[in-house]
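Everything on this sheet refers to the single structure shown next.
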Amino acid sequence: MRAADEITPAETTGTADPAVGDAKVAPPPSSTLPVPTRKELLEFQPDAVVLEHRSLPGGARWTLYAILSLITSVILWASLAEVDRIITGPGKLITTAATVVVQPLTTSVIRTLDARVGRIVDAGQVLATLDPTFSKSDVVRLKERFHGLTHAVDRLHKELDNDPLPPPGPDASQAQSIEYQIYTRRQSQYRSKIAAFDNNIQRLIAKLETNHHHKEGYKERVAVLKDIEAMYEKMTRARQGSNLKLLMAREHRMENQTELTRLDRERKEILHELATERANREAFIAQWMQEIGAKLSEQRLEKISVEEQLRKAQRLNSLVTLHSPVDAVVLDVAKRSVGSVIREAETLITLVPVDVPLEAEVEISSKDIGRIRIGDSVRIKLDPFQYQRHGTLKGRVRTVSGDAFTREVLGREEAFFRAKITLLTTRLEDVPDDFRLLPGMTLTSEINIGKRKVISYFLYPVIRALDESIREP
């Protein structure tokens with residue numbers, strides 16, 4: 001074998017014959033001159049020959065091996081390694097309880113509006129004040145009506161029980177004075193009517209007594225006249241008296257008998273009139289009491305109705321000042337100003353309670369909804385706090401809406417679903433001690449829906465290209 005630095009004369013020739021390198025070269029003649037080395041000979045050769053006979057650098061060979069090894073390792077790693085499949089969606093924090101809606105019960109004018117969006121309010125804090133003119137006038141009117149009915153019911157109770165009604169004092173109300181005047185007039189009317197009945201009854205009783213005395217007198221006279229008639233009749237039969245005297249005695253007896261009969265009929269008529277007058281008296285008393293009872297029942301029912309209306313009016317009047325029922329955050333305030341009119345049951349202020357657990361409500365694109373399952377883990381990044389510094393919250397998908405919602409984006413409708421996420425952690429890092437999550441905070445959710453091989457990111461585009469490329473459209 002030749003030395004690495006030796007070269008034959010044939011190799012140093014500049015012949016362009018390509019077969020020279022393959023032909024056998026005769027051994028050089030014996031000479032005493034020194035044989036030039038390969039390096040010395042290459043110094044006088046063209047650049048192409050120099051490059052052809054240069055030895056391959058070791059670094060290039062190892063670089064090739066390293067690249068091949070790297071490609072093999074990457075393919076192997078991509079085939080084995082997995083990454084999380086994440087679906088992101090914007091959202092906000094909401095309460096698990098329903099929002100509190102503050103609205104007026106009647107149409108009114110806004111006098112003050114103290115609520116501001118985002119402000120934290122305490123329970124009982126004034127949010128707005130309405131004009132109390134109409135509600136206050138209703139309260140005053142119903143109070144007067146209620147007081148009048150109260151005194152009317154008291155007066156009717158006194159009349160029904162036949163009890164005296166005490167006169168009103170110097171500080172008595174107008175309604176009380178009016179009811180006392182009505183009571184005195186009605187009592188005077190009642191007494192005069194009863195007195196008239198009593199006078200008629202007494203007159204009839206006196207007439208009955210007179211009739212009784214007359215009747216008793218005529219009874220005695222008839223008895224005497226009967227004896228006289230019997231005597232005349234006996235004397236006439238004995239022919240000791242005149243028949244004329246008998247007839248005269250009989251006629252006189254019959255006249256008294258007729259008068260006695262008339263007195264008896266008159267007595268019956270007087271008794272009938274007396275019974276009728278007494279019945280009329282009792283009927284008047286019963287009718288008077290029945291009218292009082294009916295009026296009392298009517299007034300009592302009206303009093304109850306007015307009392308309920310008064311309670312309602314007082315409640316409405318108390319609601320002219322709208323208070324916060326719970327500790328909450330003002331979520332929304334209607335676009336109204338002081339002096340504007342707000343209609344009945346129109347939402348003026350919307351509150352979100354702060355003492356109830358929070359959850360996240362996020363929007364999921366319709367193209368991703370098929371991969372989300374209840375129970376998937378979620379990482380939540382709050383927009384007000386940089387997650388690189390303050391960290392993230394952990395959650396879990398609780399519910400997914402059963403139907404899609406739509407919104408208009410750039411002139412076209414876009415469908416999305418809503419998912420609610422239960423918060424597993426509620427504390428962030430490097431925040432003040434009084435920090436707390438507030439409803440309405442915006443966030444970005446990252447829902448982990450599983451794992452995926454890294455190599456699929458390279459294979460799926462190729463598979464799709466092969467599947468969709470060579471075919472008719």
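Using UniProt numbering, the first residue of the sequence shown is number 1, and each one after it goes up by one.
All residues carry an ideal CB built from backbone N, CA and C; glycine is no exception.
Problem - Residue interval of the alpha helix (DSSP H) (run including residue 478) - result: Since the displayed the chain opens at 1 and closes at 473, residue 478 lies outside it and no answer follows.
Practice task
Look up V352 in the DSSP assignment and say whether it is helix, strand or coil.
Solution key: strand
Practice task
Measure the alpha-carbon distance for Q240 versus A249 and round it to whole angstroms.
Solution key: 16 Å
Exercise for the section: Report the three-state DSSP secondary structure of N317 (helix, strand or coil). Expected result: helix
Handout entry: With 16 other Cβ atoms within 10 Å as the buried cut-off, status of I292
Key = buried
Problem - Alpha-carbon spacing of V121 relative to F417, whole angstroms - result: 32 Å
Problem - Backbone secondary structure at L149 - three-state DSSP - result: helix
Practice task
Can you have a look at L348 and say buried or exposed, based on whether 16 or more other CB atoms are within 10 angstroms of its CB?
Solution key: buried
Handout entry: Own chain, CB closer than 6 Å to G14, minus 5 neighbours either side, in chain order
Key = Residue placement at G14 is flagged as unreliable, the pLDDT there being 44, under the threshold of 50; the coordinate-derived value follows with that caveat. Contacts found: none.
Problem - Cutoff 7 Å; reference T392; Cβ partners in own chain excluding five residues on either side - result: R379, I380 and K381
Practice task
Would you give the residue range spanned by the alpha helix (DSSP H) that E220 belongs to?
Solution key: Q174 to R237
Exercise for the section: With a 10 Å radius around its C-beta and 16 neighbouring C-beta atoms as the bar for buried, classify P167 as buried or exposed. Expected result: exposed
Handout entry: Boundaries (first-last residue) of the alpha helix (DSSP H) holding E468
Key = S456 to E468
Exercise for the section: Give every residue of the same chain whose Cβ lies closer than 8 Å to the Cβ of A196, excluding the five residues on either side of it in the sequence, and list them in chain order. Expected result: none
Exercise for the section: Drop a sphere of 10 angstroms on the beta-carbon of F385, count the other beta-carbons inside from all chains shown, and report buried for 16 or more, exposed for fewer. Expected result: buried
Handout entry: Stretch pair the stretch 290-309 + the stretch 216-236: three plus CB contacts closer than 8 Å
Key = no
Problem - Euclidean distance between Cα positions of A465 and V400 - result: 34 Å
Handout entry: Contact belief for A360 with L428 at Cβ below 8 Å, rounded distance in angstroms
Key = Incorrect: roughly 14 Å between the Cβ atoms, too far for contact.
Practice task
To the nearest angstrom, report how far apart R119 and V100 are at their CA atoms.
Solution key: 15 Å
Exercise for the section: Please name the residue, chosen from A230, E82, A286 and L438, that lies closest to L331 on a Cα-to-Cα basis. Expected result: L438
Exercise for the section: Along the beta strand (DSSP E) that carries L130, what are the first and last residues, could you check? Expected result: V126 to L130
Problem - N- and C-terminal bounds of the alpha helix (DSSP H) containing D332 - result: It is not in any alpha helix (DSSP H) - D332 instead sits in the beta strand (DSSP E) that spans A328 to V333.
Exercise for the section: Using DSSP bridges, identify the partner residues of I447. Expected result: I87 and V378
Practice task
Determine the DSSP secondary structure at F134, reduced to helix, strand or coil.
Solution key: helix
Problem - Any 3 or more C-beta pairs closer than 8 Å across the stretch 271-280 and the stretch 253-263 - result: no
Handout entry: Euclidean distance between Cα positions of Q309 and S445
Key = 53 Å
Problem - Proximity of L127 and L322 at Cβ, strictly below 8 Å - result: yes
Problem - Buried/exposed call for P353, threshold 16 Cβ in 10 Å - result: buried
Problem - Cβ neighbours of L274 in the same chain (closer than 7 Å, five flanking residues each side left out) - result: I201, L204, I205 and L208
Exercise for the section: Determine, using beta carbons only, whether V397 and A419 come nearer to each other than 8 Å. Expected result: yes
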